[in-house]
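Laid out in structure tokens, this is it:
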């Protein structure tokens, strides 16, 4: 009968090193020890293949070293790019993340808050579906730090941290660059206006037109759903309703991809027949022909700032929540040209 090797314990390390279990426990919890004691413990840990029971330690210290992250769609490349940066930095500080996908379902998002609290997470990062902060109140009542990423919610000002993008500013700049080339019939494909990001990008579009004395034509605004299919259908709708449209600006990555596919399928040349500005530079501008002019959001910064901020709140629970707004940039390609009616003048 084969013997079963039991995992090493603190007592085994104590026996190996000649130190007390209390001294070893202090080392495992980050306390500074004499150099010779530290070396002896580390050698014993390697020799005995000792593994720390993080769950038991977290229960004892009332700290799980887990950050709960609730997102609307794990298939979204914008989100996964942020998660990579966030997870890397948190792991470097001995934190892991528990990712929960609410599939853009507000009711499920509320349930997931309670799910994470039941797992004793130390903090929660949320890219919310809910427009108000009601779903986050159970976490705040338990003094769990909450950070809302990319989107604004109402009702919790001063109680949560925010990491945002200046969406209105970058949308205004993108549309202004089209106006500067002579475009007046500019299509906009926007996401659901339940989300602050969509409302801000729409406001930037309106501001750019107004500053140039161009009346907003509502038929040039297509309300979509942040998906490839939605971008495709919205572009087709805009073309059908606006045969004189000379430029289009879809305002997220998936809608950019869907719009681009629709133009290609209809043999509409970029920029000869239609100028095009995309959104979120995640490699798309390097593989399209022509290379797209595209809004580049600081995905790496979003993830890093979110991780740093939640770590800061955990280190000092009394720290006042803050809001940080990051700037996006406009990466210039060759997908914007002068409209034909201007060329002919």
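Numbering (UniProt numbering), first residue to last: 1 to 345.
For each residue, glycine too, the CB sits at the ideal point set by N, CA and C.
Query, Result
"Whole-angstrom C-beta distance between residue 118 and residue 67, which should lie under 8 Å", "Rounded, the Cβ-Cβ distance is 15 Å, inconsistent with contact."
"Opposing strand residues paired with residue 15 [DSSP bridges]", "DSSP lists no partner for residue 15."
"Secondary structure of residue 275, DSSP reduced to three states", "strand"
"Burial state of residue 35, where buried means 16 or more other Cβ atoms lie within 10 Å", "exposed"
"Backbone CA spacing between residue 176 and residue 69 [nearest angstrom]", "36 Å"
"Cross-strand partners of residue 296 (DSSP beta bridge)", "329"
"Residue 30 versus residue 301 - alpha carbon distance", "29 Å"
"Any 3 or more C-beta pairs closer than 8 Å across the segment 326-335 and the segment 166-174", "yes"
"Uninterrupted alpha helix (DSSP H) stretches inside the segment 179-246 (no shorter than 4 residues)", "196-211, 228-241"
"Backbone secondary structure at residue 7 - three-state DSSP", "coil"
"Backbone secondary structure at residue 148 - three-state DSSP", "strand"
"Exposure label - residue 286; buried when at least 16 CB within 10 Å", "exposed"
"Given residue 289 as reference, the closest of 268, 185, 303, 224 once Cα atoms are compared", "268"
"Spatial neighbours of residue 338 in its chain, beta-carbon cut-off 7 Å, leaving aside the 5 residues before and after", "181, 182"
"Beta-carbon separation (whole angstroms), residue 113 vs residue 145, contact threshold 8 Å", "13 Å between Cβ atoms; not a contact."
"Closest Cα partner of residue 102 within the set 96, 71, 86, 44", "71"
"Inter-stretch contact (C-beta, 8 Å, three-pair minimum) for the segment 204-212 and the segment 273-284", "no"
"Which of helix, strand or coil DSSP assigns to residue 165", "strand"
"Where the alpha helix (DSSP H) through residue 69 begins and ends", "Careful: residue 69 lies outside any alpha helix (DSSP H), inside the beta strand (DSSP E) at 66-71."
"C-alpha gap between residue 76 and residue 254, whole angstroms", "8 Å"
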